[in-house]
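Encoded as structure tokens, the structure appears first; notes follow it.
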Amino acid sequence: MTQSSLKSFRDSIEAIVVALLLAFVIRAFIVQAFKIPSGSMLETLQIGDHLLVTKFAYDVRLPSNIWLDTTDGKVLAKTGDPERGDIVVFKFPEDESKDFIKRVIGLPGETIEIRNKVVYIDGQPIDEPYTQHTKFTRNPIRDDFGPFTVPQDEFFVMGDNREGSYDSRWWGPVKRQKIVGKALVIYWSWGSLTDIRFNRIGTMFN
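FYI, in the UniProt record's numbering the residues of the sequence shown are 1 to 206.
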């Protein structure tokens, strides 16, 4: 191998190493991509939406394992608190190998109650223009819940598709340290190869 060939090979290896390190840092600390597999967040999120989730919205953490799961890692800095209305990705409490996405409804210390599908926080109904209701038969767990006081450092989350969401009404609140990040933007969306939803690409979340 000639001198120039060796230099070219070394440059290529260096470029690959730098790219891998950048990917490591981005995925561990900055953003991570998620795909929406179910209709629990309809109409806000569609099946086939692809999201970027910011991982430093609430905490900057060291990765807790080689898979770059930043939940449960050491907190380097606290950057904010989840707020009502935030769409968050978190480790599913019943199987932490799965990531779920829901909307934050109840904050630590608040008392949440659902009466005939209407959500009350500390006795007052809240405005929820994002919700979808598809079934009008009553379910005592789904449609009439509580009152329940959210523990400290935990959050009560629900899907926008209220009759099609498996959420905190069934399995309880989410611990703060299990929150992976906050939905940032839809970077791709399709229903199939022939159904690319260009109008959804670039949708931002507050």
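Glycine residues also receive a C-beta, built at the ideal position from the N, C-alpha and C atoms.
Remember, predicted model here, so these are calculated numbers, not experimental data.
Separation of Val31 and Phe155 (C-alpha to C-alpha, rounded to the nearest whole angstrom) is 22 Å.
Straight-line spacing of the CA atoms in Asp86 and Lys135 works out to 25 Å. Within the DSSP secondary-structure output, Tyr130 pairs in no beta bridge. Under DSSP, no beta-bridge partner is assigned to Arg176.
Between Pro93 and Gly181 a beta carbon distance of about 17 Å is seen, past the 8 Å cut, so the two are scored as non-contacting.
Taking all protein chains shown into account, Val118 has fewer than 16 neighbouring C-beta atoms within 10 Å of its C-beta and is therefore exposed. DSSP places Arg169 in the uninterrupted alpha helix (DSSP H) bounded by 168 to 171. Boundaries of the beta strand (DSSP E) harbouring Phe90: 87 to 91, taken from the DSSP string. Under DSSP, Thr54 takes part in a beta bridge, and its partners are Val31, Lys182. The three-state secondary structure of Arg162, taken from DSSP, is helix.
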